[in-house]
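Numbering (mature numbering (1 follows the signal peptide of the UniProt record, and there is no 0)), first residue to last: -22 to -1, 1 to 83.
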């Protein structure tokens, strides 16, 4: 599950701004269903919260590093520069109070 989530996040990281009470975005990769919401917290990090294949996940993106929990497993991985740039463009630092959904390309 952890490797599938990592691959899915790296392959589909485009963030689209949505209203504060919008439903999470969903997509399927390799038969696995993903649903999650992204927002920028007060520290400027992007937080991804959602569910994949019945496992909840809570991830924090700080720079090019992602750390968090998938199910009961701790995860930590690096994301490519283009994903960092997309997050910076689509979830600007001044948008800490405006949630966004992570959408598939």
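Ideal placement from N, C-alpha and C gives every residue a C-beta, glycine not left out.
| Check | Outcome |
| --- | --- |
| Mapping DSSP to helix, strand and coil, what is residue 16? | strand |
| With 16 other CB atoms within 10 Å as the buried threshold, where does residue 17 fall? | buried |
| Given the structure, does residue 28 come close to the ligand ATP, in the sense that its CB is under 7 Å from one of the ligand's heavy atoms? | Because no ligand of any kind appears in the structure shown, any question about the ligand ATP cannot be addressed here. |
| State the DSSP-derived secondary structure class of residue 62, mapped to helix, strand or coil. | helix |
| Do you know how far the Cα of residue 42 is from the Cα of residue 57? | 5 Å |
| Where does residue 33 sit, in a helix, a strand or coil, going by DSSP? | strand |
| For residue 46, report the span of its beta strand (DSSP E) as first-last. | 43 to 48 |
| Among the residues of its own chain, which have a CB less than 8 Å from the CB of residue 25, if the five just before and after it don't count? | 16, 17, 18, 19, 36, 37, 38, 39 |
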